[in-house]
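Sequential numbering of the sequence shown, starting at 175, is according to our numbering. Even for Gly, the Cβ is constructed at its ideal location relative to N, Cα and C.
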Amino acid sequence: MKKDTTAIALSSLLLISSAWADAPAQIAQQVPGYYRLAVGQYEVTSLFDGYNDLSPSLLKGLSANKIRELLAENKINAERMPTSFNAFLINTGKHLVMIDSGAGHCVPQTAGKLLSNMEASGYHPEQVDTIFLTHLHLDHVCGLSDVAGKALFPNATVYVPQGEAEYWLDPAKEASAPENAKAYFAIAQKALSSYKASGHLKTFVPPASPIPEVQTAYAIGHTPGSTVYRFWSEGKAITFIGDLIHAPAIQFPHPDVSIRFDADAKNAILSRTREFNALVKDGDWMAAAHLPFPGVGHLTANHQGYSWNPAIYGPYRRATDVPLLK
Ligand SMILES: [Zn+2]
Numbered sequence: 175m176k177k178d179t180t181a182i183a184l185s186s187l188l189l190i191s192s193a194w195a196d197a198p199a200q201i202a203q204q205v206p207g208y209y210r211l212a213v214g215q216y217e218v219t220s221l222f223d224g225y226n227d228l229s230p231s232l233l234k235g236l237s238a239n240k241i242r243e244l245l246a247e248n249k250i251n252a253e254r255m256p257t258s259f260n261a262f263l264i265n266t267g268k269h270l271v272m273i274d275s276g277a278g279h280c281v282p283q284t285a286g287k288l289l290s291n292m293e294a295s296g297y298h299p300e301q302v303d304t305i306f307l308t309h310l311h312l313d314h315v316c317g318l319s320d321v322a323g324k325a326l327f328p329n330a331t332v333y334v335p336q337g338e339a340e341y342w343l344d345p346a347k348e349a350s351a352p353e354n355a356k357a358y359f360a361i362a363q364k365a366l367s368s369y370k371a372s373g374h375l376k377t378f379v380p381p382a383s384p385i386p387e388v389q390t391a392y393a394i395g396h397t398p399g400s401t402v403y404r405f406w407s408e409g410k411a412i413t414f415i416g417d418l419i420h421a422p423a424i425q426f427p428h429p430d431v432s433i434r435f436d437a438d439a440k441n442a443i444l445s446r447t448r449e450f451n452a453l454v455k456d457g458d459w460m461a462a463a464h465l466p467f468p469g470v471g472h473l474t475a476n477h478q479g480y481s482w483n484p485a486i487y488g489p490y491r492r493a494t495d496v497p498l499l500k
């Protein structure tokens, strides 16, 4: 009897091991990096360009101990805060709009997936007719062009807020910038160069609306002309906030914490609080460049700061006539 059991156990083991041999682990594959969301009649697609890790030492305004404590509570590595590069498409029916373009070839190790994820989502770069940039940092502009500076969205007009253009595209500002910041000017200028040459680069002054479907507003501080974009359809709205937040585990409970990339920390904090309070009040969807992919969800206020309620995975539109389990 004992012998039989052993024999069965052995043969089961063999079956298991041969099953494993037939199904090698698919470690090179992840689900495609796009996520679709309905906002009224507008179809929004989050696109994953890649990721980076940020050191918690970049954060200012909270003790290192408290930061470590919050990261531990959120099961985040004490040395590395994982950070997505998200861009977004909005199909309004009249325009195919893209918000930002990811880090592209500027972060070759872990980014540059925007185009493949766009194709996986069913769109082609030639179909994008309008691009809005929240600001001109490299992780938002490098995806516009290839490494030689050639436009990757040949039919798109790129709209840059005036405050950004006046800073990053001004040779005098570049000349007077600290030596270690000069490269960022050159990167922004190169990413935009072929759009400029073809007459496809335009500036605008928020709250102007370059197309009727969008509302724009300055949310300065992170950069001199950082801008948020709001799309509204049939009583639903989504606001693209760019870099108003980088470290959710820290900055949602402590919105007064800034990051070293903020050019003007005081205004960055004021802009974050103002926009977050508006989002809580209005109930818009919020779409963020650096929150965990897809970077879309709702904000609510809590006793101290804000809570993030991310979008859930599911069909494009949830059926409303399904039986309710009670
Ligand atoms: Zn950024």
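Range of the contiguous alpha helix (DSSP H) that encloses residue i
i    : result
D456 : A439 to D456
R242 : A238 to E247
L343 : Per DSSP, L343 belongs to no alpha helix (DSSP H) and is neither H nor E.
A277 : No alpha helix (DSSP H) contains A277, which DSSP labels as neither H nor E.
D313 : L312 to V315
P422 : P422 to Q425
N476 : First-last for N476: undefined, no H or E at that position.
T290 : What sits at residue 290 in the sequence shown is Ser, not Thr. Its alpha helix (DSSP H) spans residues L288 to A294.
Among the options, the one whose alpha carbon lies nearest that of residue i
i    : options                   : result
A439 : S400, V281 and W406       : S400
E217 : Y403, A360 and I412       : I412
H464 : Y225, Q204, H311 and I250 : Y225
S220 : L499, T474 and W459       : W459
A493 : I394, P198, A212 and T331 : A212
L418 : G409, A462, P384 and S383 : A462
C280 : P429, L453 and V315       : V315
L310 : Q200, M272, E247 and I361 : I361
M255 : D495, N441 and Q425       : Q425
L263 : D436, N291, Q283 and I250 : N291
L228 : W406, H420 and R404       : H420
F405 : R434, G214 and L244       : G214
V334 : A355, I273 and F327       : I273
I521 : V431, F450, A437 and G409 : Residue 521 is absent from the structure shown; the chain starts at 175 and stops at 500.
A355 : Q389, R434 and T447       : R434
G267 : D223, I385 and G278       : I385
P466 : K455, V454, P484 and G479 : P484
Y403 : Q203, S383 and A442       : S383
Q363 : Q478, P282 and G323       : G323
First through last residue of the beta strand (DSSP E) which encompasses residue i
i    : result
N226 : Y216 to L228
K410 : K410 to G416
F129 : Residue 129 lies beyond the stretch modelled for the chain, which goes from 175 to 500, so this question has no answer here.
S407 : T401 to S407
A393 : Here A393 belongs to no beta strand (DSSP E), and DSSP marks it neither H nor E.
F467 : Per DSSP, F467 belongs to no beta strand (DSSP E) and is neither H nor E.
ask   = On the three-pair Cβ rule with 8 Å, is the stretch 342 to 357 touching the stretch 283 to 297?
value = no
query = How do the stretch 298 to 309 and the stretch 233 to 248 stand: do at least 3 beta-carbon pairs fall below 8 Å, yes or no?
reply = no
message = Can you tell me which residues fall inside 6 Å of ligand 1, judged by beta-carbon distance to its nearest heavy atom, and keep chain order?
response = Every residue passing the under-6 Å Cβ criterion appears here: H311, D313, H314, D417, A463 and H464.
query = Counting Cβ pairs closer than 8 Å, one from the stretch 329 to 344 and one from the stretch 363 to 379, do we hit at least three?
reply = yes
ask   = Where in the stretch 319 to 390 do unbroken runs of the beta strand (DSSP E), each at least 3 residues long, occur, reported from the N-terminal end onward?
value = 331 to 335 and 375 to 378
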